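Enquirer: According to full-length UniProt numbering, the residues represented by the sequence shown are 23 to 429, in order. Glycine included, C-beta positions come from ideal geometry on N, C-alpha and C. Please read all numbers here as calculations on a predicted model, not as lab measurements.
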Amino acid sequence: EAPLDVARLREEFPVLQRKVHGKALVYLDNAATSQTPQPVIDVFSDYYGRYNANIHRGLHTLADEATAAFEGTRKTVRGFLNAPDARQIIFTRGTTEAINLVANSWGRANLAPGDEVLVSMLEHHSNIVPWQLLAREIGFTLKVVPVDADGALDQVAYLELLNERTRLVAVNHVSNAFGTVNPVADMAVAAHRAGALILVDGAQAVPHQAVDVQAIDADFYAFSGHKVYGPTGVGVLYGKRELLEAMPPWQGGGEMIRTVSFDGSTFAEIPHKFEAGTPAIAEVIALGRALEWVQSIGLGAIGQWEQELLRQATRDISKIDGLRILGTAPHKAGVLSFVVDGAHSQDIGLLIDQLGVAIRTGHHCAQPLLNHFGVDATCRASFAAYNTREEVDIFIAALNRVIGMLR
Ligand code: PMP
Numbered sequence: 023e024a025p026l027d028v029a030r031l032r033e034e035f036p037v038l039q040r041k042v043h044g045k046a047l048v049y050l051d052n053a054a055t056s057q058t059p060q061p062v063i064d065v066f067s068d069y070y071g072r073y074n075a076n077i078h079r080g081l082h083t084l085a086d087e088a089t090a091a092f093e094g095t096r097k098t099v100r101g102f103l104n105a106p107d108a109r110q111i112i113f114t115r116g117t118t119e120a121i122n123l124v125a126n127s128w129g130r131a132n133l134a135p136g137d138e139v140l141v142s143m144l145e146h147h148s149n150i151v152p153w154q155l156l157a158r159e160i161g162f163t164l165k166v167v168p169v170d171a172d173g174a175l176d177q178v179a180y181l182e183l184l185n186e187r188t189r190l191v192a193v194n195h196v197s198n199a200f201g202t203v204n205p206v207a208d209m210a211v212a213a214h215r216a217g218a219l220i221l222v223d224g225a226q227a228v229p230h231q232a233v234d235v236q237a238i239d240a241d242f243y244a245f246s247g248h249k250v251y252g253p254t255g256v257g258v259l260y261g262k263r264e265l266l267e268a269m270p271p272w273q274g275g276g277e278m279i280r281t282v283s284f285d286g287s288t289f290a291e292i293p294h295k296f297e298a299g300t301p302a303i304a305e306v307i308a309l310g311r312a313l314e315w316v317q318s319i320g321l322g323a324i325g326q327w328e329q330e331l332l333r334q335a336t337r338d339i340s341k342i343d344g345l346r347i348l349g350t351a352p353h354k355a356g357v358l359s360f361v362v363d364g365a366h367s368q369d370i371g372l373l374i375d376q377l378g379v380a381i382r383t384g385h386h387c388a389q390p391l392l393n394h395f396g397v398d399a400t401c402r403a404s405f406a407a408y409n410t411r412e413e414v415d416i417f418i419a420a421l422n423r424v425i426g427m428l429r
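1) Would you mind reading off the limits of the alpha helix (DSSP H) that contains K97?
2) According to DSSP, residue 22 sits in a beta bridge with which residue or residues?
3) Just to confirm, is the Cβ distance from L31 to Y408 under 8 Å?
4) In the DSSP assignment, find the unbroken beta strand (DSSP E) run with F417 in it and report its ends.
5) Helix, strand or coil for L33 per DSSP?
6) Might you give, ordered along the chain, the residues of its own chain that have their beta carbon closer than 6 Å to the beta carbon of G320, omitting 5 neighbours on each side?
7) Go to residue 9, then tell me how far its beta strand (DSSP E) extends in each direction, as first and last residue.
8) Please state whether the Cβ-Cβ distance between E264 and R189 is less than 8 Å.
9) Can you give me the start and stop residues for the alpha helix (DSSP H) that E182 sits inside?
10) Using beta-carbon positions only, say whether V42 and D375 come within less than 8 Å of one another.
11) Who are T202's beta bridge partners in DSSP?
12) Quick check: L224 and F245, are their CB atoms within less than 8 Å of each other?
13) Taking 7 Å as the cut-off, is the beta-carbon of C401 closer than that to any non-hydrogen atom of the ligand PMP?
14) Decide if A304 is buried, meaning its Cβ has at least 16 other Cβ atoms within 10 Å, or exposed.
15) So the alpha helix (DSSP H) T288 belongs to, where does it begin and stop?
16) Is it true that the segment 167 to 176 meets the segment 347 to 363, where meeting means three or more beta-carbon pairs spaced less than 8 Å apart?
17) May I ask you to verify whether the segment 59 to 79 touches the segment 306 to 316, counting CB pairs closer than 8 Å and requiring at least 3?
18) Could you check if A351 belongs to the surroundings of the ligand PMP, using beta carbon to heavy atom distance under 7 Å?
19) Does any heavy atom of the ligand PMP sit closer than 7 Å to the C-beta of S142?
20) Taking buried to mean at least 16 other C-beta atoms within 10 Å of its own C-beta, is residue 464 buried or exposed?
21) Hey, is N149 close to the ligand PMP, as in C-beta under 7 Å from one of its heavy atoms?
22) Quick check on DSSP: helix, strand or coil for I112?
23) Considering just the uninterrupted stretch of the beta strand (DSSP E) at R402, what are its terminal residues?
24) Have a look at V99, T98 and E159 and flag the residue whose alpha-carbon is nearest the alpha-carbon of A125.
25) Listed in chain order, which residues are found with a beta carbon closer than 5 Å to a heavy atom of the ligand PMP?
26) E328 and H230: beta carbons closer than 8 Å?
27) Return yes when the Cβ of L133 is within less than 8 Å of the Cβ of L156, no when it is not.
28) Can you tell me which of the three DSSP states E328 falls into?
29) Would a C-beta distance cut-off of 8 Å place V256 and A302 closer than the cut-off?
30) Pull up the distance between the alpha-carbon of D68 and that of W315, whole angstroms please.
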């Protein structure tokens, strides 16, 4: 793979041209949502301008074209994740809905009182709360894999927690709060040895590294379009075929049935069994375009560039007095989470925005993790392919200025 031509790549993102409070935008909130390149934006005017139609049922030309583009994206996602078969790709509204699908379909059918589900201290709320809701209903036990001081999962504790009652391990591939990359392939081996399944929340992984669900041997893998240069409102659940085929439907309605009568209904095969109702058609097609865009740039090159930016930012931010980085594990994605003595994260976020720099402040939907580290909020800068070394310099200078104002 060729190294990134960041200057050329930036030209594809119209939003990067805009100013905020009179300053050039420096967008470092990519872990929340990445920006969208023009080819992905173009999908929307093309779809609504030329072939907007409901999919799967129509016999007319527009419906055929929409269906072909929608189902074409399923094949694109199959290739992107190296799934064995496109039927194992379920379109959802995002990672959150994908996890809720597994909880409500697989979980409800397979979990019983006395069973254990293992989540980790690093989880986003979307991989905690669905399991809590179900645990309250069914009465299984939720257990938590602890983290080390550097924000890596404690793998010894993980192995000790696994036992014959463990039915599922639900863990993220990359932590959104700290950037920790978890050894999910190794964790899958251990989970399977214990007779458990593993669900991997890949929301923060797919934008930064090539993911192979077969190499990981994930039973379920979920991600969101809007974190990988695609639109909001669409995401993916990958599942092993025999699991998906055995799982009951979750939401009922059109598209997911074979026959309906008042004596009962029969259901469509996968993937349609899990796709009730009219989906976000343009969003799905745009997601396909985003994944093609990412692959044309190359995830190896993107990941390497983000690592360079992370090294530069970590080096320079470490010079700031009274600043503490949370999450210092050796294997990290381009996420820099920090707190500053004598300066509230919220104030830093508001003031640095005045200087054109967009970072995230708050609990990052990972309250248990932040509480464990004794804070209720951090500032988080997170990198994408289009960020530059100059932007890191502007960010660090702005941060120094803001801290000076607050102290
Ligand atoms: N998991 C992780 C690790 C995330 O970072 C996010 C988004 N911040 C989610 C899940 C939830 O994704 P979504 O809101 O797109 O459903």
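Expert: Looking at the coordinates:
1) T83 to L103
2) The first residue shown for the chain is 23 and the last is 429, placing residue 22 beyond what the model contains.
3) yes
4) No beta strand (DSSP E) contains F417, which is instead part of the alpha helix (DSSP H) from R411 to L428.
5) At residue 33 the sequence reads Glu, which differs from the Leu that was named. Three-state DSSP puts E33 in coil, outside helix and strand.
6) E23
7) Residue 9 is absent from the structure shown; the chain starts at 23 and stops at 429.
8) no
9) Q177 to L183
10) yes
11) K354
12) The sequence shown places Gly at residue 224, rather than the Leu named in the question. The answer is yes: Cβ separation under 8 Å.
13) no
14) buried
15) No alpha helix (DSSP H) holds T288; the beta strand (DSSP E) holding it covers G286 to F289.
16) yes
17) yes
18) no
19) no
20) Outside the displayed range of the chain (23 to 429) lies residue 464, so it cannot be described from this structure.
21) yes
22) strand
23) T400 to S404
24) E159
25) G116, T117, T118, H146, S148, N194, N198, D223, A225, Q226 and S246
26) yes
27) yes
28) helix
29) yes
30) 17 Å
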